Amino acid sequence: MKNNKYKYILKSKTQKFFEEGYQRTFLPINRSINSFPVINSNSKKIKIWCTNDYLNMSHNQEVIDESTKILKQVGTGSGGTRNISGNSPYHESLEKKIASFHNTEKSIIFSSAYTANQTSLWTLCKAFEKLCVFSDKLNHASLIQGIKNSGVECKIFDHNNLEHLESLLKKTNEEIPKLIVFESLYSMNGTIVEVNKYVELAKKYNAMTYLDEVHAVGLYGNKGSGLANYFGVSDQIDLINGTFAKGFGQIGGYVVGKTYLIDYLKTFAPGFIFTTSMMPSTAGAISKSISIVEQEDEKRKYIQEMSNYLKNLLRINKIPFIENNSHIIPIMIFDAMLVKKYSQTLLNDFGLYIQPVFYPTVAKNRARLRLTITPKHNIDDIHELIYALKKIISPKDSLISTKKQFDYSI
Numbered sequence: 012m013k014n015n016k017y018k019y020i021l022k023s024k025t026q027k028f029f030e031e032g033y034q035r036t037f038l039p040i041n042r043s044i045n046s047f048p049v050i051n052s053n054s055k056k057i058k059i060w061c062t063n064d065y066l067n068m069s070h071n072q073e074v075i076d077e078s079t080k081i082l083k084q085v086g087t088g089s090g091g092t093r094n095i096s097g098n099s100p101y102h103e104s105l106e107k108k109i110a111s112f113h114n115t116e117k118s119i120i121f122s123s124a125y126t127a128n129q130t131s132l133w134t135l136c137k138a139f140e141k142l143c144v145f146s147d148k149l150n151h152a153s154l155i156q157g158i159k160n161s162g163v164e165c166k167i168f169d170h171n172n173l174e175h176l177e178s179l180l181k182k183t184n185e186e187i188p189k190l191i192v193f194e195s196l197y198s199m200n201g202t203i204v205e206v207n208k209y210v211e212l213a214k215k216y217n218a219m220t221y222l223d224e225v226h227a228v229g230l231y232g233n234k235g236s237g238l239a240n241y242f243g244v245s246d247q248i249d250l251i252n253g254t255f256a257k258g259f260g261q262i263g264g265y266v267v268g269k270t271y272l273i274d275y276l277k278t279f280a281p282g283f284i285f286t287t288s289m290m291p292s293t294a295g296a297i298s299k300s301i302s303i304v305e306q307e308d309e310k311r312k313y314i315q316e317m318s319n320y321l322k323n324l325l326r327i328n329k330i331p332f333i334e335n336n337s338h339i340i341p342i343m344i345f346d347a348m349l350v351k352k353y354s355q356t357l358l359n360d361f362g363l364y365i366q367p368v369f370y371p372t373v374a375k376n377r378a379r380l381r382l383t384i385t386p387k388h389n390i391d392d393i394h395e396l397i398y399a400l401k402k403i404i405s406p407k408d409s410l411i412s413t414k415k416q417f418d419y420s421i
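Right under this line is the structure:
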């Protein structure tokens with residue numbers, strides 16, 4: 012009887028979510044080294060426009076060769092946690108390399124950037140008897156969860172609103188330890204923030220800073236080392252989080268910073284201590300990828316140029332998108348059911364894959380198609396995409412036309 016009650020509660024919650032239009036689908040795809048951005052799904056060739064493998068490093072032959080070489084030498088698994096037989100020269104080399112990449116003292120690597128954020132923030136927040144966190148309204152779920160799990164006081168400031176942030180800092184007792192948590196590039200609206208201005212506020216109010224650079228690493232800054240570097244403050248951020256899964260095309264996450272901070276995380280962070288370390292072959296592949304990405308200025312330039320070209324065509328054709336200076340292009344549809352319909356039409360009728368994004372990834376009634384360009388996309392691909400979008404999205408669409416004045420940033 013009890014089991015039936017549990018089943019009813021869980022099934023009813025799931026069903027309600029589905030009925031509201033928020034059911035997610037997972038498209039099975041086979042990526043090919045030789046044909047990207049064309050991929051295979053259910054025996055049909057389609058073109059992908061929503062990858063986070065921004066520089067297509069997962070298909071880089073040098074990286075593949077490095078991974079294969081190490082795999083044949085040491086096998087697949089790491090054998091344990093970092094402190095119980097799961098540490099290797101490849102892990103240690105990677106930690107040194109990513110710290111150097113960010114021009115910081117030390118690093119700690121994790122199984123994912125989500126884990127890195129969640130466990131690092133929880134661990135850092137629990138270190139202080141009293142701490143007040145200041146978190147951007149649009150921060151990633153991993154940041155929010157880490158803060159929430161710690162149980163500390165958290166004040167939310169409007170997205171990328173420095174005036175609001177300062178007003179909250181000003182109202183907080185100056186004796187209370189403070190931590191500002193924000194991202195350099197927001198993945199769902201493409202906002203690039205002026206990282207240096209956050210650093211100025213942190214200094215003014217004696218606050219620590221925790222910066223998520225997940226979507227910036229590999230694409231911005233000197234040698235792709237991120238927006239903190241671009242704004243000249245990478246050595247002034249207390250902790251920087253990044254991923255190996257996007258700009259580097261692999262898997263895993265990391266945090267870099269001062270030695271005393273990283274030592275603290277390595278000593279107390281549960282998500283580091285109690286989990287099996289990444290495969291040595293993965294660590295080696297990431298190190299090789301970093302070395303290559305550092306030299307990819309032309310690809311970084313190409314992505315920006317092609318992104319700007321696509322944005323201009325969207326403007327000309329009056330297709331609503333969030334204006335920004337980044338490589339992320341969100342086309343606003345608002346309604347979850349409609350965005351899923353558009354996505355399916357693009358897939359079925361035009362062979363174009365753009366995953367629909369809706370609640371809870373973004374706020375309710377803020378559904379969108381999120382586009383990203385890689386070095387493998389060309390002008391013809393962009394024209395093909397615009398043709399398809401024009402066929403299915405009209406500025407006269409009732410949902411879009413009635414909401415076009417909305418603040419797309421929320």
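Taking our numbering, the leading residue of the sequence shown gets 12, the next gets one more, and so forth.
The beta-carbon is built from N, C-alpha and C at its ideal position, and this holds for glycine as well.
Here the structure is a predicted model, which is why all the values come from computation and not from measurement.
The straight-line gap separating the alpha-carbon atoms of G157 and K402 is approximately 43 Å.
For D360, the secondary structure class from DSSP, reduced to helix, strand or coil, is helix. Considering only P371, L135, I57, the residue with the shortest C-alpha distance to F28 is P371.
Between V304 and the set N150, L357, S111, M68, the nearest pair of CA atoms involves M68. When the five nearest sequence neighbours on each side are left out, the beta carbons in the same chain lying within less than 7 Å of the beta carbon of N233 are those of N240, in order along the chain. Secondary structure at F121: strand, using DSSP grouped into helix, strand and coil. In this structure, the beta-carbon distance from H102 to A280 does not fall below 8 Å. From the listed residues F369, T383, G362, N376, the smallest Cα separation to Y398 is found for G362.
Rounded to the nearest whole angstrom, the C-alpha separation of Y353 and T385 is 22 Å. Annotated three-state conformation of T286 is coil, per DSSP.
In the DSSP assignment, K214 falls within the unbroken alpha helix (DSSP H) covering 206-215. In terms of CA proximity to T126, A152 leads the group E164, I187, Y197, A152. In the structure shown, the three-state DSSP call for S89 is coil. Separation of S292 and E106 (C-alpha to C-alpha, rounded to the nearest whole angstrom) is 14 Å. When secondary structure is reduced to three states using DSSP, G264 falls in the strand class. Residue state for N160 is assigned as helix, using DSSP reduced to three classes.
For L380, the uninterrupted beta strand (DSSP E) segment begins and ends at 378-383.
The Cβ atoms of L179 and K166 lie closer than 8 Å to each other.
Nearest to R35 by C-alpha distance, out of G229, T25, N41, I344, is T25.
Shown here for H388: same chain residues with a beta carbon closer than 7 Å to its own, the five before and five after excluded, namely P48, M317 in chain order. In this structure, the alpha-carbon of N41 lies about 10 Å from that of K56. L358 and E31 have their C-alpha atoms some 23 Å from each other. By the neighbour-count criterion, in which 16 or more other beta carbons inside 10 Å mark a residue as buried, H394 falls on the exposed side. The C-alpha of A110 lies about 16 Å from the C-alpha of Y275.
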